[in-house]
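Residue numbers (this note's numbering), protein chains in the order written: chain X, 1 to 152; chain A, 153 to 440.
In what follows, a structure is listed as structure tokens, so that the remarks can point back to it.
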Amino acid sequence: MPTTLTINGEQRVSSGGPMTPLIDVLRDEFFLTGAKAVCREGFCGACTVHIDGQPAVSCLVPIGTVGDREIRTVESLETAGKLSPLQQTMEEHDVVQCGMCFPGILMVLTGFLSEHPRAGRDEIKAALAGNICRCTGYERLVDAAAELARRG
Amino acid sequence: MPAPGDERLFMAGTLAEALAALADRGSEGAALAGGTWIMRAPIRRESSAQFHVGIGRIPELNAIDVAADRIRIGACVTHSQLVAGLVGIASCNGLVTAAGSAANPAIRSMATVGGNLSACDFPAADLPPALLCLDAEVEVGVNGGGMQRLPIERFLATRKNLEPGTLVTGITISRQPVLTGHARLPLRKAGDYPVAIVSISATIGRDGLVEDARIAVGSVESSARRWPQLEQRLKGLALDGHKAGTLAEAELGVFTGRDAVEAPGWYRVQVLPALVRRAVQAALSSHS
Numbered sequence: 001m002p003t004t005l006t007i008n009g010e011q012r013v014s015s016g017g018p019m020t021p022l023i024d025v026l027r028d029e030f031f032l033t034g035a036k037a038v039c040r041e042g043f044c045g046a047c048t049v050h051i052d053g054q055p056a057v058s059c060l061v062p063i064g065t066v067g068d069r070e071i072r073t074v075e076s077l078e079t080a081g082k083l084s085p086l087q088q089t090m091e092e093h094d095v096v097q098c099g100m101c102f103p104g105i106l107m108v109l110t111g112f113l114s115e116h117p118r119a120g121r122d123e124i125k126a127a128l129a130g131n132i133c134r135c136t137g138y139e140r141l142v143d144a145a146a147e148l149a150r151r152g
Numbered sequence: 153m154p155a156p157g158d159e160r161l162f163m164a165g166t167l168a169e170a171l172a173a174l175a176d177r178g179s180e181g182a183a184l185a186g187g188t189w190i191m192r193a194p195i196r197r198e199s200s201a202q203f204h205v206g207i208g209r210i211p212e213l214n215a216i217d218v219a220a221d222r223i224r225i226g227a228c229v230t231h232s233q234l235v236a237g238l239v240g241i242a243s244c245n246g247l248v249t250a251a252g253s254a255a256n257p258a259i260r261s262m263a264t265v266g267g268n269l270s271a272c273d274f275p276a277a278d279l280p281p282a283l284l285c286l287d288a289e290v291e292v293g294v295n296g297g298g299m300q301r302l303p304i305e306r307f308l309a310t311r312k313n314l315e316p317g318t319l320v321t322g323i324t325i326s327r328q329p330v331l332t333g334h335a336r337l338p339l340r341k342a343g344d345y346p347v348a349i350v351s352i353s354a355t356i357g358r359d360g361l362v363e364d365a366r367i368a369v370g371s372v373e374s375s376a377r378r379w380p381q382l383e384q385r386l387k388g389l390a391l392d393g394h395k396a397g398t399l400a401e402a403e404l405g406v407f408t409g410r411d412a413v414e415a416p417g418w419y420r421v422q423v424l425p426a427l428v429r430r431a432v433q434a435a436l437s438s439h440s
């Protein structure tokens with residue numbers, strides 16, 4: 001039975017079964033390949049999206065449970081060709097390395113900084129406890145997020 | 153294990169619908185709440201039910217009710233909601249620490265209390281030891297059978313053998329004037345499963361000495377359990393972290409640590425005195 005999902009403000013219909021992980025539908029059916037399927041256990045955070053505004057690891061979300069909820073992926077952060085303030089700051093700090101973890105980190109920090117716009121480094125680090133960067137680029141990530149928080 | 157795409161899901165709107173659907177499917181069915189345990193079954197090559205009953209939309213399973221004498225927590229309350237709902241309640245300090253430090257932020261916003269208690273093969277779960285120290289009762293229901301409250305020790309001991317169709321609907325905690333603390337040792341600073349966990353609750357008498365104590369250990373053995381030998385030794389003493397840690401060293405023989413890839417069993421047991429000290433200090437600092 002098809003499942004209708006609301007993704008980045010658009011209604012999309014998936015032919016996947018209700019227990020299909022959201023990450024697979026995003027990537028394989030809708031070609032929204034920003035979120036990455038890496039650990040599939042909720043440890044690495046590379047598949048993080050927003051569901052009703054809250055960061056969630058999409059590898060552990062069955063699509064049958066989110067038909068009435070609003071899903072946002074990293075592709076939605078840029079609007080009208082303009083990067084979000086967080087994306088811009090990350091670019092200024094030359095943060096991106098291999099890019100595998102980065103979309104998930106953007107989604108976590110977008111949610112976190114909207115609730116804690118003046119967060120300090122320790123709070124930012126705690127917020128990123130579920131995001132693993134194999135390039136170990138944490139310091140520049142935290143520098144950039146802290147800079148954005150300082151600017152308010 | 154069902155083939156990918158063959159699984160079925162029914163999203164229940166009411167508790168009665170959920171219990172009826174679970175009864176209908178018997179041993180082939182399972183409840184689905186946050187999904188953080190069930191959804192990783194394929195990558196871990198673990199078996200999964202053919203039919204799931206989604207319980208996340210049932211209002212009474214998502215509520216926290218704080219009354220003067222007791223607190224009821226619905227089974228679908230997430231770890232994050234638990235923290236938000238109970239922070240500032242002195243007797244819940246240990247439980248709030250347990251819920252607020254488990255896993256990572258995204259998992260805490262998805263994983264539920266009922267799911268955590270129902271994951272039988274999850275020795276490193278943070279909530280069971282904290283709830284053991286609060287003498288929590290676990291509410292379970294079956295279709296047409298009404299609700300039953302089980303002491304958490306009994307629930308943990310029997311949860312693998314519950315009748316098919318049985319659903320954890322919530323937990324209840326009596327509010328007592330106790331100091332509580334929770335200490336855990338993950339291999340990384342955060343975001344990891346703890347090697348060992350110690351929770352404590354203590355009733356302090358007018359003379360300033362421990363009248364009663366509950367100490368529970370998680371992640372060391374296959375399931376969390378109380379540590380009655382150490383509880384007895386603390387009674388009648390002033391609550392002190394270093395003293396409690398020293399007493400714990402003499403009582404380690406009651407544990408047989410489980411070997412796993414992240415830590416050998418002996419290590420899990422060896423770190424317990426330090427965790428006892430930290431849990432006691434956390435309980436005392438919550439009081440001050």
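Heads up, the beta-carbon is just placed ideally off N, CA and C, and yes, glycines get one too.
Predicted model only: the values in this text are computed from it and were never measured.
Straight-line gap, residue i to residue j (C-alpha atoms, nearest Å)
i: residue 386 of chain A; j: residue 131 of chain X; result: 41 Å
i: residue 264 of chain A; j: residue 294 of chain A; result: 20 Å
i: residue 38 of chain X; j: residue 99 of chain X; result: 12 Å
i: residue 239 of chain A; j: residue 106 of chain X; result: 28 Å
i: residue 11 of chain X; j: residue 68 of chain X; result: 11 Å
i: residue 143 of chain X; j: residue 55 of chain X; result: 21 Å
i: residue 284 of chain A; j: residue 48 of chain X; result: 33 Å
i: residue 364 of chain A; j: residue 237 of chain A; result: 27 Å
i: residue 255 of chain A; j: residue 168 of chain A; result: 32 Å
i: residue 113 of chain X; j: residue 340 of chain A; result: 24 Å
i: residue 94 of chain X; j: residue 140 of chain X; result: 8 Å
i: residue 409 of chain A; j: residue 193 of chain A; result: 25 Å
i: residue 160 of chain A; j: residue 184 of chain A; result: 11 Å
i: residue 291 of chain A; j: residue 270 of chain A; result: 12 Å
i: residue 171 of chain A; j: residue 319 of chain A; result: 7 Å
i: residue 53 of chain X; j: residue 111 of chain X; result: 7 Å
i: residue 196 of chain A; j: residue 289 of chain A; result: 31 Å
i: residue 163 of chain A; j: residue 419 of chain A; result: 43 Å
i: residue 156 of chain A; j: residue 2 of chain X; result: With a pLDDT of 49 at residue 156 of chain A, under the threshold of 50, the modelled position of this residue cannot be trusted, and the question is left open.
i: residue 226 of chain A; j: residue 423 of chain A; result: 33 Å
i: residue 70 of chain X; j: residue 6 of chain X; result: 5 Å
i: residue 342 of chain A; j: residue 92 of chain X; result: 28 Å
Nonlocal neighbours in the same chain, by C-beta distance under 6 Å from residue i, ignoring five residues either side
i: residue 32 of chain X; result: 26, 73, 75
i: residue 24 of chain X; result: none
i: residue 311 of chain A; result: 272
i: residue 45 of chain X; result: 104, 130, 131
i: residue 403 of chain A; result: 381, 382
i: residue 102 of chain X; result: 96
i: residue 119 of chain X; result: 149
Sheet register partners of residue i (DSSP bridge)
i: residue 51 of chain X; result: X:54, X:71
i: residue 182 of chain A; result: A:204
i: residue 162 of chain A; result: A:205
i: residue 292 of chain A; result: A:300, A:320
i: residue 240 of chain A; result: In the DSSP output, where bridge partners are listed per residue, residue 240 of chain A has none listed.
i: residue 10 of chain X; result: X:7
i: residue 377 of chain A; result: A:369
i: residue 334 of chain A; result: A:351
From the options, residue whose alpha carbon lies closest to that of residue i
i: residue 213 of chain A; options: A:286, A:314, A:321; result: A:321
i: residue 396 of chain A; options: A:407, A:281, A:384, A:285; result: A:384
i: residue 4 of chain X; options: X:62, X:90, X:141, X:94; result: X:62
i: residue 17 of chain X; options: A:204, A:428, A:224, A:439; result: A:204
i: residue 247 of chain A; options: A:392, A:422, A:402, A:331; result: A:331
i: residue 463 of chain A; options: X:29, X:102, X:21, X:81; result: Past the edges of chain A, shown from 153 to 440, lies residue 463 of chain A, and the structure says nothing about it.
i: residue 337 of chain A; options: A:163, A:289, A:426; result: A:426
i: residue 347 of chain A; options: A:186, A:353, A:373; result: A:373
i: residue 89 of chain X; options: X:8, X:35, X:150, X:14; result: X:150
i: residue 344 of chain A; options: A:299, A:414, A:303; result: A:414
i: residue 42 of chain X; options: X:137, X:34, X:60; result: X:60
i: residue 314 of chain A; options: A:175, A:388, A:217; result: A:175
Other residues of its chain near residue i: CB distance less than 7 Å, five sequence neighbours each side excluded
i: residue 222 of chain A; result: 324, 325, 326, 327
i: residue 185 of chain X; result: The displayed coordinates of chain X run from 1 to 152. Any statement about residue 185 of chain X would go beyond what the structure contains.
i: residue 429 of chain A; result: 393, 394, 396, 397
i: residue 316 of chain A; result: 178, 179
Residues near residue i in its chain [Cβ-Cβ closer than 8 Å; skip 5 each side]
i: residue 390 of chain A; result: 360, 361, 362
i: residue 376 of chain A; result: 275, 277, 280, 281, 284, 308, 349, 368, 369, 370
i: residue 260 of chain A; result: 230, 231, 232, 235, 251, 252, 254
i: residue 305 of chain A; result: 284, 377, 378
i: residue 406 of chain A; result: 379, 381
i: residue 66 of chain X; result: 5, 22, 51
- [ ] Select from the segment 169 to 188 of chain A all residues with a C-beta closer than 9 Å to any C-beta belonging to chain X, and list them in chain order.
- [x] Within the segment 169 to 188 of chain A, the residues whose Cβ lies closer than 9 Å to some Cβ of chain X are 184, 186, 187, 188, listed in chain order.
- [ ] Could you name the residues of the segment 40 to 73 of chain X whose beta carbon sits closer than 8 Å to any beta carbon of chain A, in the order they occur along the chain?
- [x] 40, 41, 42, 43, 45, 48, 54, 55, 56, 57, 59, 60, 61, 62, 64, 65
Task: Residues of the segment 113 to 145 of chain X whose Cβ lies closer than 9 Å to any Cβ of chain A, in chain order - done: Residues of the segment 113 to 145 of chain X whose Cβ lies closer than 9 Å to any Cβ of chain A, in chain order: 125, 126, 127, 128, 129, 130, 131, 132.
Task: Interface residues of the segment 5 to 21 of chain X facing chain A [CB-CB below 8 Å] - done: 16, 17, 18, 19, 20, 21
Open item on the list: Taking beta-carbon pairs under 8 Å, can you tell me which members of the segment 257 to 279 of chain A lie near chain X?
Closed with: 257, 258, 259, 261, 262
TODO: Quick one: which residues of the segment 200 to 213 of chain A get their C-beta closer than 8 Å to a C-beta of chain X? List them in chain order.
DONE: 204, 206, 208
Task: Contact residues within the segment 320 to 344 of chain A, judged by C-beta distance below 7 Å to chain X - done: For the segment 320 to 344 of chain A, the set of residues with a beta-carbon nearer than 7 Å to any beta-carbon of chain X comprises 342, 343, in chain order.
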